[in-house]
Amino acid sequence: MSTPRVLLAAVLAALLLLAGCRREGGVAETVLHFWGLGREGEVVAELVPDFERTHPGIRVEVQQIPWSAAHEKLLTAFVGGSTPDLAQLGNTWIPEFVALRALAPLTPWIDRSAAVRPEHYFPGIWSTNVVAGTPYGIPWYVDTRLLFYRKDILAAAGYSTLPVTWPEWRAAMEAVKRQVGADRYAIFLPLNEWAQPVILGLQNGSPLLGDEWSRGAFREPAFRDAFDFYLDMFRDGLAPPVGNNEIANMYQEFARGYFAMVVTGPWNLGEFRRRLPAEVQDAWATAPFPGPDAAHPGVSLAGGSSLVLFASSPRQDAAWKFIEYLSAPAQQLRFYALTGDLPAQVAAWEDSSLAADPNIRVFRDQLLRVVATPMIPEWEQIAMRVQERSEMAARGAVPADSALALLDEDVERILEKRRWLLARARERGEGAP
Amino acid sequence: MSARGARIERRKARAAWLFLAPALGLIGLFFVLPVAAGLLLSLTDFDIYAIGAPDTARFVGLKNYAATLTSSLFWQALRNTLYFVLVGGPLSVVVSLGAALLLHARAVRLRSLFRTIYFAPVVTTLVAVAIVWRYLYHPRYGFLNHALGWFGLGPIDWLGDPMWAMPGIILLAVWKNFGYNMLIFVAGLGSIPEELYEAASIDGASAWQRFRNVTLPGLAPVFLFVGVTTMIGYFQLFAEPYVMTQGGPLRSTTSVVLLMYEEGFRWWRMGIASTMAVLLLVITLAGALLQLGLRRGERA
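As you go down the protein sequences, you meet chains A and B in turn.
Quick note on our numbering: the first sequence kicks off at 646 and runs consecutively.
Quick note on our numbering: the second sequence kicks off at 43 and runs consecutively.
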């Protein structure tokens, strides 16, 4: 035998030995692969040891994926047949992955589970996980949008709290504008975000899309009126017609009083505490959205992340145990303490760490009034068009009517495939795609 | 030709193919095949539904082309790209030539040091560069607006104003890329025989006349190469707007490739994305042929 051959044989023998050891050592061990996104993916690792201790025989391997790459990576993994056992998914992505048939329907597990019951969750949030009557995800943490405002500026304009209806809200903004003058504003509605016009439309009862979500309904009166309400804030100088890029540092400007209100989400609870200077720390508060009429609060978006099982995983039973573990109120609270992400289990909100802070309690009120955006894979694409067309109208590039007509045209084109699929399913007597 | 000669020829041909095979194989696998697949894909409506259930992919003929060519977004992206190519391309070549002339000047010391400095942006990661440039472009605290202030010029919202965003991107791209062409020009300048300059000087030619009648004609082949590669490269505009503006504001920096990326990898409308790729290939090819034709016409 020549030297290289000897070497090769030795390496092979060593490998065989190693493989043998592994099999022997891990007789009953199930290894779960979990993909967590962004900060959550980083932090969830701290919850794993307790799970592994209480569930001998199951090991969880967490892979952290940055949010910006997550969508592509998950899709690529699905196409390549290398999806994990379970993953965190932004809840607006669920319809898309259901359309791909990548996710396992969770009905059998939920039916047998005592820990995870639909009634334990905010109804609007739960509904974002249900496609055609079947749940595909379990809410992990939740988010929504509401108003952060400067109490002192509102008080100077004669308002001790934020009004609850649109007309009063509008009057309050006018009062603030009179108070602060030409170079400051009542509210900041970033033009690079779609959430603001969409929320106002939803509050006014617009379904956004019609005909089983196969056509745009943006020219219908419900959205049209809300859109006018939105644009009027820019036309009348209550809101600066700018995006986040042009504001550069939202916290600085909020502290300086450049605007008195801003529509944003729970991640800013922590950021405001960290970044605002001490002198305005007591001067800000959160408030639920006003509604177009007396029904208060006005609805907002049902956001957040869900935990999903992949259809191709052979370890779904073990993976479900991990979902149950992460859904227990105790773990939800630990997770809240680590990340600041708001718990999806309503029971966890009784804990003093959440109930004691009035700014957080407001989120609970708002979360009881949230609705899902249309549950179709194309929604994100449509939302982007809403943002673009709204920005055009708010910057005065096109009149409101043309912006909405263009938007409906865009949506018509985007949903062509969906209409074809619906027609085909109807012909064959199947359910909606 | 004798039978023996023919046999030798055949053997030679076989050897030639054998030597060519690895290269041809690679080109076939990594170029011809993907291009053909892209061409086929552009005739279907392959999308996110088709990934889950392949039977929902339809052969749609030229419908993607019709849809793309009637989409105002595509035309806007094409306009933005042409703006970038027609303004940024020549600007970058002129800056490269200027830098090369400076480096070539006999009076300059520390030539290799400057060459390295000018070349550094080319090899720096764009994402890192973009962070610094975002600060330079900041409307209120940025250095660029501060500098404009010295001349009494008002602040410009570089990346937030639809009118200024593309000039901002062009400025960044030119700064980032001029070093590469500069090196090619430096090599080109070095190959112009010194005697020509001497002869011109003796004939009493001024510096400008020497540049006009000796340097420029001497660089003609270099210009052709630089022109074509720069144009092809600039048609592929992607990373700069991707990291600086995400195509905004108001889509004013969305290039064709950025739009293609969005359609393909964000929305998974592979059919439309492939269509855009084919169209861009045709446009780039036309541009390259035009340049070659112009040069040939000049020479004739």
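Glycine is no exception: its CB is placed at the ideal position from the N, C-alpha and C atoms.
- [ ] Closer than 9 Å, Cβ to Cβ, to anything on chain B: give me those residues from the region 743-765 of chain A, in chain order.
- [x] Val743, Ala744, Leu745, Arg746 and Ala747
Measuring only between beta-carbons, confirm whether A/Leu720 sits less than 8 Å from chain B.
yes
- Query: Given that A/Pro922 touches chain B, what residues does it touch there, using C-beta distances under 7 Å?
  - Reply: Near A/Pro922 there are no residues of chain B at all, since even the closest Cβ is about 18 Å away, more than 7 Å.
Residue from A/Thr779, A/Ile755, A/Ala760 and A/Ile710 with nearest C-alpha to A/Ala744 = A/Thr779
### Query
Looking only at C-alpha atoms, which of B/Val298, B/Trp310 and B/Pro76 sits nearest to B/Met318?
B/Val298
Query raised in the report: Below 8 Å, can you find three or more Cβ-Cβ pairs linking the region 940-959 of chain A to the region 815-824 of chain A?
Result: Per the Cβ contact rule, the region 940-959 of chain A is not in contact with the region 815-824 of chain A (fewer than 3 Cβ pairs under 8 Å).
_So A/Leu845 contacts chain B; which residues on that side make the cut at Cβ distance below 8 Å?_
Those within 8 Å of A/Leu845 in chain B number zero; the least Cβ separation is about 21 Å.
Nearest residue (CA-CA) to B/Gly80, options B/Leu332, B/Leu334, B/Arg311 and B/Thr326 = B/Arg311
* To do: Write down the C-beta distance between A/Pro1017 and A/Ser772 rounded to the nearest angstrom, noting that I regard them as a contact closer than 8 Å.
  => At residue 1017 of chain A the sequence reads Ala, which differs from the Pro that was named. Indeed, because the Cβ distance is near 5 Å, the residues count as touching under 8 Å.
Quiz item: Is A/Gln848 near A/Tyr875, with beta carbons less than 8 Å apart?
Solution: No, the pair does not count as a contact, with Cβ atoms beyond the cut-off.
Requested in this report: Would you please verify whether the beta carbon of B/Phe307 is less than 8 Å from any beta carbon of chain A?
Outcome: yes
Alpha carbon of A/Val705 to alpha carbon of A/Ile1027, nearest angstrom
37 Å
request  = Give a single yes or no on whether B/Leu66 has its beta carbon closer than 7 Å to a heavy atom of the ligand ATP.
outcome  = Annotation note on the ligand ATP: not contained in the displayed structure, which lists no ligands.
### Query
How about the region 264-282 of chain B and the region 124-137 of chain B: do they share at least three Cβ pairs that are nearer than 8 Å?
yes
Task: Closest Cα partner of A/Met906 within the set A/Ala932, A/Arg1071 and A/Thr721 - done: With distances taken between CA atoms, A/Met906 lies nearest to A/Ala932 out of A/Ala932, A/Arg1071 and A/Thr721.
Whose C-beta lies closer than 8 Å to the C-beta of B/Arg252 among residues of the same chain, with five residues either side of it excluded?
Tyr239, Ala242 and Ser243
query: If we ignore side chains and look at the alpha-carbon of each, how far apart do B/Phe267 and B/Ala172 end up?
result: 28 Å
| Does A/Gly888 come within less than 8 Å of chain B when only Cβ atoms are used? | yes
Next item on the list: Identify whether A/Glu669 lies in helix, strand or coil by the three-state DSSP scheme.
Entry: Confidence in A/Glu669 is poor, its pLDDT being 42 and thus under 50, which makes the residue's placement too unreliable to answer from.
Margin query: If we define contact as Cβ-Cβ less than 8 Å, is A/Glu741 a contact residue for chain B?
Written below: Interface criterion met: the Cβ of A/Glu741 is under 8 Å from a Cβ in chain B.
So which of A/His941, A/Ser998, A/Pro988 and A/Arg869 has the shortest CA-CA distance to A/Ser972? Checking every option, the nearest Cα to that of A/Ser972 belongs to A/Pro988.
Nearest-angstrom Cα distance between B/Tyr303 and A/Val925? 43 Å
Quick check: is the beta carbon of A/Glu1072 nearer than 8 Å to any beta carbon in chain B? no
Use the C-beta contact count for B/Val150: other C-beta atoms within 10 angstroms, 16 or more gives buried, fewer gives exposed.
exposed
- Could you tell me how far apart the beta carbons of A/Phe793 and A/Leu1013 are, in whole angstroms, since I believe they sit closer than 8 Å? So it is not a contact: roughly 19 Å between Cβ atoms.
*Is the Cβ-Cβ distance between A/Val887 and A/Leu836 less than 8 Å?*
Yes, these two residues count as a Cβ contact at 8 Å.
A/Pro933 at chain B interface by Cβ criterion, 8 Å = no
Item checked: Proximity winner among A/Arg864, A/Val676 and A/Glu764, relative to A/Asp1046 (alpha-carbon distances) -> A/Arg864
Apart from the five residues just before and just after B/Trp219, which ones in its own chain have a Cβ nearer than 7 Å to its Cβ? The residue asked about is misnamed: residue 219 of chain B is Asn in this sequence, not Trp. Excluding sequence neighbours, B/Asn219 sits near Ser134 and Val164.
### Task
Output yes if chain B places a C-beta closer than 8 Å to the C-beta of A/Lys1087; else output no.
A question about residue 1087 of chain A goes unanswered here, because the residues of chain A that appear run from 646 up to 1078.
Tell me, please, which residues DSSP counts as bridged to B/Ile274.
Answer is none; B/Ile274 lacks a bridge partner.
task: Flag this pair as yes or no: are the beta carbons of A/Val787 and A/Gly948 separated by less than 8 Å?
output: yes
Can you give me the Cβ contacts of A/Asp1053 inside the same chain, cut-off strictly under 6 Å, excluding the 5 residues immediately before and after it? Hits under 6 Å: Gly861, Phe863 and Arg864.
8 Å Cβ cutoff, A/Val1056 in contact with chain B: False, the Cβ-Cβ gap to chain B never drops below 8 Å.
**Study point:** Outcome for A/Glu741 when other beta-carbon atoms lying within 10 angstroms are tallied against a minimum of 16
**Key:** Looking at its Cβ environment, which holds 16 or more other Cβ atoms inside 10 Å, A/Glu741 is buried.
Grab the span of the alpha helix (DSSP H) containing A/Glu995 for me, first residue to last. Looking at the DSSP string, A/Glu995 is not in any alpha helix (DSSP H), and its letter there is neither H nor E.
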